[in-house]
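Data block below; observations after.
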Amino acid sequence: MQHFTVRAITLDLDDTLWPIAPVIARAEAVAHAWLVRHAPATGARFDVAGLRALREAVALDYPGLAHDMSALRLESLRRALAAGGDDPALATAAFEAFFEARHAVQLYPEVAAALERLAARFPLLALSNGNADIARTPLRRWFSGALSACEFGVGKPDPRIFHEACRRLGCAPATVLHVGDDLALDVMGARAAGLQARWLRREPCEPPGSAAHSGEVVACLESLADALAC
């Protein structure tokens with residue numbers, strides 16, 4: 000990897016620091032179990048798959064909330080409760096049950112040790128389109144801050160969220176390195192905003208010369224820490 004100047008690092012969360020699919024599956028099961036206990040008519044009317052389909056329908060109804068997964072899920076729970084004949088106000092507590100479980104993340108094997116190395120040298124800022132709150136995870140001690148699409152109002156690849164991350168870090172975009180698993184949102188988005196970028200690709204990559212190699216690839220955070228001599 001070529002030498003480059005980095006003063007700070009922004010990191011995507013879901014599918015970069017932990018796999019998101021099993022987290023959401025567990026959290027949705029927890030939310031359904033909560034409904035079965037506290038809103039039994041709704042719990043009987045909708046299974047986990049039915050609740051997921053309702054959330055997807057809500058997302059189509061509210062395209063302006065694409066950046067706010069919490070708002071979309073809360074609205075879908077309100078709709079489910081209303082359809083089941085239960086009090087829609089219970090949606091807040093049902094969502095909190097989901098949200099607590101959503102933060103019971105299982106890190107990829109190298110993440111904790113790599114973050115320890117990276118944080119000893121660089122300020123780290125979480126930059127996510129999802130609704131994970133880094134302060135509610137075991138990773139909080141390594142991060143100096145966090146910025147989410149839910150909070151900011153737009154998500155990656157919009158350059159404004161990258162620039163806000165740089166502002167919070169007190170660094171010029173050219174000196175900030177963004178790392179994430181999504182080629183379009185993370186790599187191309189960061190580069191278009193003037194940041195450096197690395198694509199964290201845990202699976203085998205496309206052949207050299209393909210569109211996937213518009214940014215350098217790292218296999219894991221340990222590889223990144225090695226490249227940065229942390």
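Be aware that the sequence shown starts at 0, since it is given in numbering that gives the first Met the number 0, and climbs by one per residue.
The C-beta atom is built at its ideal place from N, Cα and C for all residues, glycine as well.
Buried versus exposed, by CB contacts within 10 Å (16 or more), residue i
i    : result
A90  : buried
E205 : Confidence is the limiting factor: at E205 the pLDDT is only 49, short of 50, which leaves the residue's position unreliable and the question unanswerable from this model.
Q195 : buried
T4   : exposed
P156 : buried
CB-CB length for residue i against residue j, believed under 8 Å
i    : j    : result
G129 : H66  : About 10 Å; that fails the 8 Å criterion.
L114 : L220 : 7 Å
L124 : L16  : Actually they do not touch by this definition, with Cβ atoms about 13 Å apart.
A81  : P87  : 5 Å
N- and C-terminal bounds of the alpha helix (DSSP H) containing residue i
i    : result
R72  : 68-83
T41  : 39-44
I8   : Where I8 is concerned, there is no enclosing alpha helix (DSSP H), although the beta strand (DSSP E) it sits in stretches over 7-10.
L223 : 220-226
G49  : 47-60
L117 : 110-118
R201 : Looking at the DSSP string, R201 is not in any alpha helix (DSSP H), and its letter there is neither H nor E.
Closest Cα partner of residue i within the set the options
i    : options             : result
A112 : R140, S127, R101    : R140
F94  : L76, D13, V104, A82 : L76
V29  : E99, T174, M68      : E99
V57  : V47, A70, F45       : A70
S127 : L80, H177, R120     : H177
L134 : A48, L12, A7, R6    : For clarity, residue 134 is Ala in the given sequence; the question names Leu instead. That would be L12, whose Cα lies nearest to the Cα of A134.
Contact set for residue i: own chain, Cβ-Cβ below 8 Å, skip 5 residues either direction
i    : result
P172 : F161, H162, C165, A192, G193, L194
Own chain partners of residue i with C-beta closer than 7 Å, once the 5 adjacent residues on each side are dropped
i    : result
P207 : With a pLDDT of 46 at P207, under the threshold of 50, the modelled position of this residue cannot be trusted; read the value that follows with caution. So the list is empty, once near-sequence residues are dropped.
Cβ neighbours of residue i in the same chain (closer than 6 Å, five flanking residues each side left out)
i    : result
S147 : S127
For residue i, the first and last residue of its enclosing beta strand (DSSP E)
i    : result
V216 : 215-217
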